[in-house]
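Q: Under my numbering, residue 637 is the last one in the sequence shown; the count climbs by one each step, no gaps.
Note that beta-carbon positions come from the ideal geometry of N, C-alpha and C, so glycine has one too.
Take this structure, written in structure tokens, and hold onto it; I'll ask about it next.
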Amino acid sequence: MHAFSSSIPKSDSGDDNGAADPMAFMMKRLLETRTVMIFGGVDQKLAERVSAQMLYLDHLSDEPIRLLINSPGGHVESGDTIHDLIDYIAAPVAVIGTGWVASIATHIFLGVAPEQRFCLPNTRFLIHQPSGGAGGKASDIAIQAEEIVKMRERIAQKIAEATGQSIDRVRTDIDRDYWMSTEEAKDYGILGTVIKKASEVSF
Numbered sequence: 435m436h437a438f439s440s441s442i443p444k445s446d447s448g449d450d451n452g453a454a455d456p457m458a459f460m461m462k463r464l465l466e467t468r469t470v471m472i473f474g475g476v477d478q479k480l481a482e483r484v485s486a487q488m489l490y491l492d493h494l495s496d497e498p499i500r501l502l503i504n505s506p507g508g509h510v511e512s513g514d515t516i517h518d519l520i521d522y523i524a525a526p527v528a529v530i531g532t533g534w535v536a537s538i539a540t541h542i543f544l545g546v547a548p549e550q551r552f553c554l555p556n557t558r559f560l561i562h563q564p565s566g567g568a569g570g571k572a573s574d575i576a577i578q579a580e581e582i583v584k585m586r587e588r589i590a591q592k593i594a595e596a597t598g599q600s601i602d603r604v605r606t607d608i609d610r611d612y613w614m615s616t617e618e619a620k621d622y623g624i625l626g627t628v629i630k631k632a633s634e635v636s637f
């Protein structure tokens with residue numbers, strides 16, 4: 435069983451009061467506890483920041499990383515980057531959902547084994563098919579529509595593999611927004627454990 439601990443040395447710069455940049459100060463302190471946050475919409479900028487932090491922590495040691503998620507989803511390929519990076523690095527990752535874990539954020543959440551998936555009591559989960567705003571020439575619209583169909587099938591396959599649900603059920607469920615409470619997400623196979631305290635995150 436892995437336990438979380440700090441392995442980032444404290445700064446000796448003397449500028450630890452956070453007055454210059456409170457957000458940077460907070461993020462630094464979170465990294466010292468090997469904690470990475472995904473809050474808000476998933477886009478290229480967030481994927482770059484989260485990837486850099488996870489790669490940095492993995493470089494420091496192979497101790498576990500906490501990944502907190504509160505997100506409505508967003509850009510699919512940006513979510514794919516984070517999802518795949520979880521497997522790429524050597525350090526094990528525990529995901530902790532809070533608030534809501536929706537759309538491509540659920541895809542990220544499913545990037546770890548069930549015993550590494552946690553959430554706080556009032557978290558909601560959402561799975562659905564990808565959407566897109568196709569425009570331009572008719573031939574371009576047709577290409578975009580075909581890519582969305584391929585993406586929908588790929589995401590359905592990933593959900594089925596990660597939850598143990600049949601692919602036919604997942605295809606049906608993601609046809610429209612499918613919201614789940616913590617109990618429903620656990621029954622579905624998305625969620626591993628509901629927690630109340632940070633000390634309960636272990637695997």
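For the 8 Å Cβ check, are there 3 or more pairs between the region 522-531 and the region 595-608?
A: No: the two stretches stay apart, fewer than three of their Cβ pairs being nearer than 8 Å.
Q: My understanding is that Ile-516 touches Ala-481, with C-beta atoms under 8 Å, so please give their C-beta distance in whole angstroms.
A: Between Ala-481 and Ile-516 the Cβ distance is about 6 Å, and since that is below 8 Å, they are a contact.
Q: DSSP three-state call for Phe-637: helix, strand or coil?
A: Residue state, collapsed to three classes: coil.
Q: Quick one, are the C-beta atoms of Ile-472 and Phe-559 less than 7 Å apart?
A: No, they are not a contact pair.
Q: Could you give the first and the last residue of the continuous beta strand (DSSP E) run that contains Gly-533?
A: Unbroken beta strand (DSSP E) run through Gly-533: 527-536.
Q: I need the straight-line Cα distance from Ser-537 to Phe-459, nearest angstrom please.
A: For Ser-537 and Phe-459, the distance between alpha carbons rounds to 30 Å.
Q: On the three-pair Cβ rule with 8 Å, is the region 530-549 touching the region 504-515?
A: Verdict: yes, contact present.
Q: Let's see if you can read the secondary structure: which residues bound the beta strand (DSSP E) around Leu-501?
A: Start and end: 499-505.
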